[in-house]
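Below you'll find the structure, written out as structure tokens, and then a few comments.
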Amino acid sequence: MKTMTTATPPMKLDNAALGRLPPAVRGPAYDRRTTTEGILHIGVGGFHRAHQAVYVDDAIAATGDGRWAICGVGLLAHDSRMRDALVPQDCLYAMIERGPGADPQARVVGSLTGFLFAPGNAEAVLEKMASADTHIVSLTITEGGYYLDPKTGGPRLDHPDIVRDLQAPTQPSTAFGYLAEALDRRRRQGLKPFTVLSCDNVQGNGDVTRRLLLAVAGHRDAQLRDWIAQNGAFPNSMVDRITPATTDADREAVRDTFGIDDAWPVVTEPFRQWVVEDRFCDGRPPWDGVGVQMTADVRPYEMMKIRLLNASHSAMGYLGLLSGFAHIHEIMADPLFRRFVIEFMNEEVTPILEEVPGIDLGAYKAALVDRFSNPAIKDQVLRICMDGSSKIPKFVLPTLSEQLSRGGPTKRLSLVIASWCRAMAGTDDQGAPIAVADPMAAQLSERARASGRDPRAFLAVREVFGEDLPQSAVFVDQVRDALESLHDLGARKTLAKY
Ligand code: CS2
Numbered sequence: 002m003k004t005m006t007t008a009t010p011p012m013k014l015d016n017a018a019l020g021r022l023p024p025a026v027r028g029p030a031y032d033r034r035t036t037t038e039g040i041l042h043i044g045v046g047g048f049h050r051a052h053q054a055v056y057v058d059d060a061i062a063a064t065g066d067g068r069w070a071i072c073g074v075g076l077l078a079h080d081s082r083m084r085d086a087l088v089p090q091d092c093l094y095a096m097i098e099r100g101p102g103a104d105p106q107a108r109v110v111g112s113l114t115g116f117l118f119a120p121g122n123a124e125a126v127l128e129k130m131a132s133a134d135t136h137i138v139s140l141t142i143t144e145g146g147y148y149l150d151p152k153t154g155g156p157r158l159d160h161p162d163i164v165r166d167l168q169a170p171t172q173p174s175t176a177f178g179y180l181a182e183a184l185d186r187r188r189r190q191g192l193k194p195f196t197v198l199s200c201d202n203v204q205g206n207g208d209v210t211r212r213l214l215l216a217v218a219g220h221r222d223a224q225l226r227d228w229i230a231q232n233g234a235f236p237n238s239m240v241d242r243i244t245p246a247t248t249d250a251d252r253e254a255v256r257d258t259f260g261i262d263d264a265w266p267v268v269t270e271p272f273r274q275w276v277v278e279d280r281f282c283d284g285r286p287p288w289d290g291v292g293v294q295m296t297a298d299v300r301p302y303e304m305m306k307i308r309l310l311n312a313s314h315s316a317m318g319y320l321g322l323l324s325g326f327a328h329i330h331e332i333m334a335d336p337l338f339r340r341f342v343i344e345f346m347n348e349e350v351t352p353i354l355e356e357v358p359g360i361d362l363g364a365y366k367a368a369l370v371d372r373f374s375n376p377a378i379k380d381q382v383l384r385i386c387m388d389g390s391s392k393i394p395k396f397v398l399p400t401l402s403e404q405l406s407r408g409g410p411t412k413r414l415s416l417v418i419a420s421w422c423r424a425m426a427g428t429d430d431q432g433a434p435i436a437v438a439d440p441m442a443a444q445l446s447e448r449a450r451a452s453g454r455d456p457r458a459f460l461a462v463r464e465v466f467g468e469d470l471p472q473s474a475v476f477v478d479q480v481r482d483a484l485e486s487l488h489d490l491g492a493r494k495t496l497a498k499y
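Shown next as structure tokens:
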């Protein structure tokens with residue numbers, strides 16, 4: 002890896018810097034001043050900036066169609082940090098791709114041209130969403146942002162956040178409150194609805210978004226609901242790019258290696274994939290030519306990705322955390338773990354997957370093992386383990402339910418649940434404290450501790466496990482056996498046994 006040795010101080014990133022980026026850094030191949038913001042994106046984190054924003058950057062560069070720049074929106078209090086980092090640098094940022102054994106590649110992404118921080122500023126966000134220039138509102142609001150009820154598969158309209166938005170519809174706080182109010186304004190102004198494009202790891206993410214939004218809109222006004230149902234569009238999409246949380250070491254590396262002073266760069270792997278249903282009601286960027294796979298039915302791709310990649314992450318994550326690992330590639334370097342992940346995918350997940358058009362599943366899984374093993378991105382185990390209360394029901398439990406109903410193998414899947422329970426109890430196999438971030442952490446930890454060696458108190462958390470799974474004696478027995486083994490032997494020795 003080459004290091005900048007010049008005495009010049011690192012370059013602050015902003016529009017003025019674009020004309021004189023260091024030679025190793027690629028900049029946007031178009032004039033940002035000629036673009037308009039046709040996309041409003043809620044949830045500007047690392048993933049959006051390493052994924053959708055890059056495809057948009059490529060599409061504008063390839064075609065010169067500048068109608069698709071992105072205005073980011075932050076809905077959560079902590080999004081003020083992203084605003085404070087991005088706005089002073091004209092929303093430019095460096096994206097660093099790190100592959101195993103290769104020099105990192107740097108690129109400054111130009112497609113994000115604005116950022117609105119919503120708390121205290123709802124009107125500006127709503128006006129922007131309601132403007133005729135906005136054609137797409139896209140979302141990365143995390144799995145938990147969809148308020149799904151595992152009991153019914155429908156939206157949790159009784160969730161306090163949703164209730165608040167239903168009571169004060171013109172001062173929303175959730176993505177769905179914003180969408181409903183903005184769409185109502187568009188309807189009244191005689192505009193088309195924008196397409197709502199979900200980019201989260203939720204099976205049927207577009208369908209789920211539609212269901213929840215129609216429920217919220219219907220609560221306000223049946224006419225609004227019908228208008229959205231008839232005229233709106235909610236394509237499903239499968240998104241993929243492993244993007245760790247940015248660390249101070251990453252910021253330093255961007256400064257030292259590339260000579261750029263970026264308050265919040267994003268570090269990611271070379272691989273990226275996006276499969277999107279081609280159903281947009283108000284136009285879309287020319288994505289076809291830049292590697293986005295536009296398709297009629299995204300279901301098999303989503304299922305493959307969420308059940309293999311995301312579920313394997315959860316599988317490695319909790320067992321790895323108990324064994325004291327901090328990074329995913331370190332877990333994969335341990336032969337016992339590596340074998341477990343491969344068998345987890347082959348024996349317990351693959352049998353329930355459908356045929357995926359154009360994909361060789363064997364090659365796909367081999368590529369996953371390589372991606373998980375990439376030492377250059379240093380993906381954090383704690384990032385993977387956070388928010389299990391909304392990830393596990395989407396990544397792992399559907400496979401468990403399907404396998405149980407067909408009498409298929411579930412031993413490894415059950416071990417993953419046991420390892421989550423064991424980790425939420427708060428200490429690893431050496432007795433060191435572990436703190437997993439989760440909105441339900443307090444309740445889950447309390448239940449995990451109460452469970453001890455018997456998982457029933459933990460499995461009784463209905464918001465996570467629903468009604469049916471905890472009734473399965475096979476499942477409960479397998480989780481109990483796994484939990485006992487984790488207590489007696491620890492995670493590594495348990496894996497040796499499996
Ligand atoms: C991860 C995902 O958060 C998680 O648990 O599995 O963030 C994963 O890295 C991405 O979905 C990769 O596309």
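So for the sequence shown, my numbering puts the first residue at 2; every next one is plus one. Cβ coordinates follow ideal geometry from the N, Cα and C atoms, glycine included.
{"Item": "Enumerate in chain order the residues of its own chain whose CB-to-CB distance from Ala461 is below 8 angstroms, with the five nearest sequence positions on each side excluded.", "Value": "Arg448 and Pro471"}
{"Item": "Output the distance between the C-alpha atoms of Ala334 and Ile40, rounded to the nearest integer angstrom.", "Value": "41 angstroms"}
{"Item": "Please classify Tyr94: does DSSP put it in a helix, a strand, or coil?", "Value": "strand"}
{"Item": "In whole angstroms, what separates the C-alpha of Asp185 from that of Pro151?", "Value": "29 angstroms"}
{"Item": "Going straight from the alpha carbon of Ser473 to that of Pro410, what length do you get?", "Value": "14 angstroms"}
{"Item": "For a test of the three-state rule: what should DSSP assign to Asn473, helix, strand or coil?", "Value": "Correcting the residue type first, residue 473 is Ser in the shown sequence and not Asn. Three-state DSSP puts Ser473 in coil, outside helix and strand."}
{"Item": "So His42 is in the beta strand (DSSP E); what residue range does that whole segment cover?", "Value": "Glu38 to Ile43"}
{"Item": "Go to Arg189, then tell me how far its beta strand (DSSP E) extends in each direction, as first and last residue.", "Value": "Element bounds for Arg189: not the beta strand (DSSP E) but the alpha helix (DSSP H), Ala176 to Gln190."}
{"Item": "Do Phe116 and Val522 count as a contact pair if the criterion is CB distance below 8 angstroms?", "Value": "Absent from the structure is residue 522, since the part of the chain shown begins at 2 and ends at 499."}
{"Item": "Less than 8 angstroms separating the beta-carbons of Asp201 and Ser112?", "Value": "no"}
{"Item": "Whose C-beta lies closer than 6 angstroms to the C-beta of Met5 among residues of the same chain, with five residues either side of it excluded?", "Value": "Annotation note: pLDDT 49 at Met5 (below 50); position unreliable, no value reported."}
{"Item": "Compare the beta carbon distance of Ala62 and Ala30 with 8 angstroms and say whether it is the shorter of the two.", "Value": "yes"}
{"Item": "Beta carbon of Asn202: closer than 7 angstroms to some heavy atom of the ligand NAP?", "Value": "This structure lacks the ligand NAP; the ligands present are the ligand CS2."}
{"Item": "Counting only runs of 3+ residues fully inside the segment 97–185, write out the beta strand (DSSP E) ranges in chain order.", "Value": "106–110, 113–118 and 137–140"}
{"Item": "The ligand CS2 and His330: does the residue's C-beta get closer than 7 angstroms to at least one heavy atom of that ligand?", "Value": "no"}
{"Item": "Is the segment 386–406 touching the segment 304–318 in the sense that three or more CB pairs, one from each, lie closer than 8 angstroms?", "Value": "yes"}
{"Item": "Going by other Cβ atoms of all chains shown within 10 Å of its Cβ, with 16 needed for buried, is Val164 buried or exposed?", "Value": "exposed"}
{"Item": "State buried or exposed for His42, treating a residue as buried only when at least 16 other CB atoms are found within 10 Å of its CB.", "Value": "buried"}
{"Item": "Quick check on the DSSP output: the alpha helix (DSSP H) that includes Glu355 runs from which residue to which?", "Value": "No alpha helix (DSSP H) holds Glu355; DSSP gives it neither H nor E."}
{"Item": "Verify the contact flag: His314, CB atom, against every heavy atom of the ligand CS2, threshold strictly below 7 angstroms.", "Value": "yes"}
{"Item": "Quick check: what's the CA-CA separation for Glu356 versus Ala125?", "Value": "45 angstroms"}
{"Item": "Tell me whether Thr7 is buried or exposed, calling it buried when 16 or more other Cβ atoms sit within 10 Å of its Cβ.", "Value": "With a pLDDT of 49 at Thr7, under the threshold of 50, the modelled position of that residue is not reliable, and no figure is offered here."}
{"Item": "From the DSSP secondary-structure annotation, give me the bridge partner or partners of Arg27.", "Value": "Arg108"}
{"Item": "Could you check whether the segment 416–424 touches the segment 484–497, counting it as contact only if at least three pairs of C-beta atoms, one from each stretch, sit closer than 8 angstroms?", "Value": "yes"}
{"Item": "With a cut-off of 8 angstroms on the beta carbons, I'd call Trp288 and Ala60 a contact; round off their distance for me.", "Value": "5 angstroms"}
{"Item": "My understanding is that Glu270 touches Glu403, with C-beta atoms under 8 angstroms, so please give their C-beta distance in whole angstroms.", "Value": "Glu270 to Glu403, Cβ: 29 angstroms. No contact."}
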